[in-house]
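Residue numbers (numbering that gives the first Met the number 0), protein chains in the order written: chain A, 0 to 383; chain B, 0 to 383; chain C, 0 to 383.
Built from N, CA and C at the ideal position, the CB exists for glycine as well.
Comments concern the structure below.
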Amino acid sequence: MDVAPVRDAQGDVGWQYGSMTAAATPASGPAFIRSDWLVLGGSAVAVVLAGLTRYLGGGAVPAFLCSALAVTLLAALVGRSVEQLGDRFGPGATGVLQSALGNLPELFISLFALKAGLVAVVQAALIGSILANLLLVLGLCFVVGGLRHGTQALGSERARGITVLMLLSVAALVLPSMASYVHTPAAPHEGTLSLVVSVVLLLLFALTLPASLKRGSSRLAEPTGGEAGAPRWSLALAVGLLAAASLLAAFVSDWFVHALQPAMAALHISDAFAGLVIVAIAGNAIENVVGVQLAAHNQSEYAFAVVVNSPLQIALVLAPLLVILSQLFGLAPLTLVFAPMLVLAVAVAVLITAFITVDGESNWIEGAALIAVYLIIATAFWWG
Amino acid sequence: MDVAPVRDAQGDVGWQYGSMTAAATPASGPAFIRSDWLVLGGSAVAVVLAGLTRYLGGGAVPAFLCSALAVTLLAALVGRSVEQLGDRFGPGATGVLQSALGNLPELFISLFALKAGLVAVVQAALIGSILANLLLVLGLCFVVGGLRHGTQALGSERARGITVLMLLSVAALVLPSMASYVHTPAAPHEGTLSLVVSVVLLLLFALTLPASLKRGSSRLAEPTGGEAGAPRWSLALAVGLLAAASLLAAFVSDWFVHALQPAMAALHISDAFAGLVIVAIAGNAIENVVGVQLAAHNQSEYAFAVVVNSPLQIALVLAPLLVILSQLFGLAPLTLVFAPMLVLAVAVAVLITAFITVDGESNWIEGAALIAVYLIIATAFWWG
Amino acid sequence: MDVAPVRDAQGDVGWQYGSMTAAATPASGPAFIRSDWLVLGGSAVAVVLAGLTRYLGGGAVPAFLCSALAVTLLAALVGRSVEQLGDRFGPGATGVLQSALGNLPELFISLFALKAGLVAVVQAALIGSILANLLLVLGLCFVVGGLRHGTQALGSERARGITVLMLLSVAALVLPSMASYVHTPAAPHEGTLSLVVSVVLLLLFALTLPASLKRGSSRLAEPTGGEAGAPRWSLALAVGLLAAASLLAAFVSDWFVHALQPAMAALHISDAFAGLVIVAIAGNAIENVVGVQLAAHNQSEYAFAVVVNSPLQIALVLAPLLVILSQLFGLAPLTLVFAPMLVLAVAVAVLITAFITVDGESNWIEGAALIAVYLIIATAFWWG
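See below:
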């Protein structure tokens, strides 16, 4: 009775960051399967192209597109390396590692953007990541899953648990903005208030870590883990690729940020829109595809958990970490005082998701409506 | 097993827009039953009175009251004609037709009001219709149903489905207001943004149509339909009365709008209050009575669906259509940038309704509290 | 089958305001048990100390602390006297009495504060009491209960009923603020609007009274009552102690308010923070401890009902009563136009609680997150 669910979990997990082929590969298979080669080769090509367009010229837009592609593929490579490290450290540690490293590209991009003084872009990208997950990706999941499989159930205990925690974290995240805008005496102290909130949120995250390590996932309820049978890669290969991919991701993130503003200027796209939509979607592309794939295969509860967990990570870890690092490293100081429209948009998105969760079911029309709300918000930010 | 629910549905439906007597009438009954004569005769008398007070004078207030009564009775006549057309076109088409024609009086009134430049009144009436349904009518349903039958259940899948879609539609509807008020760069583009939102909402409505046609109701989850057994009226009679009632409704709507401002001035009622309360209640009187009747007969889930469906129609169809028509016909341009208090009031109302739905039960004290919230909002708008 | 639940209810009730020992005491026990002596003696000592520090000097901070302690212990004594009056008047009347007298110390403090012109402090304390219950105390309940007993269930019908009513009452309570801030024509009429809302809320409370009297609890769903078996005190003793404790509470409330501002000035604490955090927690200390005790003993549904019922009482009775009394007695006129940050904070708290209720479960991490949100709000108000 214990073996079957474990196999299921392995299937899920191998499938999460890999292709369907990868999941089907037996543990005794070759060290590198086709999808590994695709990700590795694609990353290499994209990094080279990004480097060429960065240093040899060729226009801001190609440089931007190449670096965006390279960041995305490196993120996939990081995810895959962690998977292969997986059962060497146990599922709990793997989950924590994956959670920490999964947001690495977003962290790098944000740090370089802060170094370049693009505070508004970083703030928009943080909120934009939350919006993209809760509205666009969740909507796509509902549409794809609903059209294929009819009404889908979401209401697992875990899903509702993540939603409540996400609601609480986002509430904490936006309180400094509220205080700064409507409580005059707090406005001059927005930096201090942001630091306090960041420390509180990180403490809250730390409190969830023991349960995550025990349960096998630091993402609180996401059945990640990543050990598709026995590891295919040797320890040295996995660690080596992880280190290389992470290092390259840092470089490419720098190029991405460097190309961002000229490209946006060339395309007449406002800073707010660039952060909210473009950076947010580029930084989460892999996770987003995974969620939609899961919904397509009628694993609606799992898809929901994956999609909703990402904004939770942003509110609980990434945003607070950036606030603290921006002060430690002397970058442009990031505060949690977001533009009012960002606060309203995230409040709308979070409340809607929370209601859909407690409703316990989804259909494709609700999915279409979620996408519609996302498009309207994106349109409102079109005019920077 | 299939026959009984069909009969039940027929009973429901015959009863929805007709009196209890009508529902009890067998299919082989007379062409006109008593309640038909009452509606027809009442409409005729009210239209004549409205015409007289309109063109012969007699004061603004009587002219306003007569035209309001005439609009209401014509709305009932339109509903009844569509019912009789019912099973000739199948329940799906009937539902769509009913949905489209049910909002006809509100559409006419709004168009004439826009022609007269009363943009603020139309905006207040749109929000006011939503508020009246979600707070006042729902509250009355809970009080009447709860006092008669104790705690009532609401939590059908359908009811929750409508609520989530209503929540999403209202969120889309109020986003342009938020953008206009707090996102400075979007403010000059409020017309464009309103058009984009309107197109998105109408597309969303179009997506729901196939399911509605198949399911037998364009109102997404409302078990309307309208064929109380075999039709009592001949096709010619039904079409003729429908055309005549619709045409008259257009004229009388003009008179209603014409009398509105002088009557409000005579009664010292502000524009905001007139739109939010008086126009909103006059335009929805029939639907409102139906909902409360259903609750009184312990059909709480059905009553809930009818009452919550109406705001969904307003957000998804009526408001976007008016925005587009106001620009096509060169009327006073209607935007979706509502006064901030309207946005707050509708947000409060929608969130409360959503919680009451997921709570899954209602009692009369909750109903009294809903009415209390409505009264407080109306009071706040008393001072225009 | 009927006897066992009644015994359970008695156990619950005796335990609510008493210690565990009190609940276990048989009806034939001594008139005064140890915990009675502790409360009585403690109250006497605290009142004497408070009087001494008030009239003989000794610094603002000691005077403030002594009077806060005295108010808290007198509140416990009032609660215990009402319990002993309990079964002489039937559980319904006892519940109503308890509900009315339970808020007596808060009422006295608020009235004296209004007499001293501290309108902002009273407003902050009203909202602060709601926040403290919904975030801090509920969070403590979840943490204590969750760490001891794992995931706890909350989703009783009653709990959800109270939550919906609380949501509706708080919505009504904050509507005047919204109207005053965003609906310009209503702003000059904020006094009138506050009176209208107060009358509506008190009417709503009056409507709930018959059901409360019948059901045995005026707190709508809280299984209070207070008769731990037969009463231990004679009627004369109970009435005498009740009268004495209430009278003393009035005096000590005056001293508390008198010492408040100098103490806050000495401690460099802003008025907003003093009202929101310090007065709010001092006024609700007893109820708060009871709720956490219940959660610790795995009675999570009951604990939830006790904790959520308190904000309902504040919104439905205490706040409206203070608005009306402040005008009747010619005190500084209290309106329901709260500072915007208070409105936002209470909206966040109420929505979060409502979602946690419909979610139907709690764990200690959610509890920690609730406490985190409370700390962030309190921090935002630190800068007055």
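Contact between L172(B) and L335(B) holds: their C-beta atoms lie close to 6 Å from each other, under 8 Å. For the region 151 to 175 of chain B, the set of positions with a beta-carbon nearer than 8 Å to some beta-carbon of chain A reads E156, R159, G160, T162, V163, L164, L166, L167, S168, A170, A171, L174 and P175 in chain order. Nearest in C-alpha terms to A62(C), of all of F337(C), A45(C), L110(C) and T352(C), is A45(C). Distance from the CA atom of E156(C) to the CA atom of G56(B), rounded to whole angstroms, is 58 Å. With distances taken between CA atoms, L317(B) lies nearest to Q122(B) out of Q122(B), F250(B), R33(B) and L51(B).
8 Å or more divides the Cβ of A75(B) from the Cβ of V47(B). CA-to-CA, the gap between A314(B) and V276(C) works out to about 41 Å. Residue range W363 to W381 is occupied by the alpha helix (DSSP H) that includes A371(B). By the neighbour-count criterion, in which a residue is buried when 16 or more other Cβ atoms sit within 10 angstroms of its Cβ, H182(B) is buried. For H257(A), the enclosing alpha helix (DSSP H) starts and ends at L234 to A265. Two segments are said to touch when three or more pairs of C-beta atoms, one from each, lie closer than 8 Å; by this definition the region 295 to 302 of chain C does not touch the region 280 to 287 of chain C.
When C-alpha distances from V199(A) are compared across A185(A), L174(A) and Q151(A), the shortest belongs to L174(A).
Distance from the CA atom of A262(C) to the CA atom of T352(B), rounded to whole angstroms, is 45 Å.
For the pair F250(B) and L106(B), the Cα-to-Cα distance works out to about 12 Å. Residue contact with chain C for I355(B): present (Cβ-Cβ distance below 8 Å to some residue of chain C). Here W36(A) is exposed. Its C-beta has fewer than 16 other C-beta atoms within 10 Å. Sequence-distant Cβ neighbours of L96(A) in its own chain, meaning closer than 6 Å and more than five residues away, are V81.
A30(C) is positioned such that its CB atom lies closer than 8 Å to that of R231(C). V44(B): member of the alpha helix (DSSP H) spanning R33 to Y54, first to last residue. The region 337 to 357 of chain C makes contact with the region 125 to 135 of chain C; the number of CB pairs closer than 8 Å reaches 3 or more. In this structure, DSSP gives Q298(C) a state outside helix and strand, which the three-state scheme calls coil. Boundaries for I277(A): no alpha helix (DSSP H) harbours it, and the DSSP string shows neither H nor E there. Closest option to I375(C), judged by alpha-carbon separation, among M340(A), Y54(A), H267(A) and A178(A): A178(A).
T352(A) is outside the set of residues whose beta carbon lies under 8 Å from a beta carbon in chain C. For A112(C) and V77(C), the gap between their C-alpha atoms comes out near 21 Å. Collapsing the DSSP output to three states places A30(C) in coil. Rounded to the nearest whole angstrom, the C-alpha separation of H257(B) and L202(B) is 33 Å. At least one CB of chain C lies nearer than 8 Å to the CB of P184(A).
In the structure shown, the three-state DSSP call for A281(C) is helix. Apart from sequence neighbours up to five positions away, the residues of its chain that approach N102(B) with a beta-carbon distance below 8 Å are Q312, I313, V316 and L317, ordered along the chain. For a cut-off of 8 Å, the C-beta gap from A302(C) to G144(C) is around 7 Å, short enough to register as a contact. Judged by beta-carbon spacing, E365(C) lies beyond the 8 Å limit of A158(C), meaning their Cβ atoms are not closer than that value.
Annotation: V136(C) to F354(C) spans about 17 Å, alpha carbon to alpha carbon. Residue environment: L266(B) is assigned as exposed (fewer than 16 neighbouring CB atoms within 10 Å of its CB, all protein chains considered).
Distance from the CA of E189(B) to the CA of V120(B), rounded to the nearest whole angstrom, comes to 18 Å. Neighbours of P310(C) in chain A, taken as residues at a C-beta separation under 8 Å, are lacking, since the least C-beta distance is about 17 Å.
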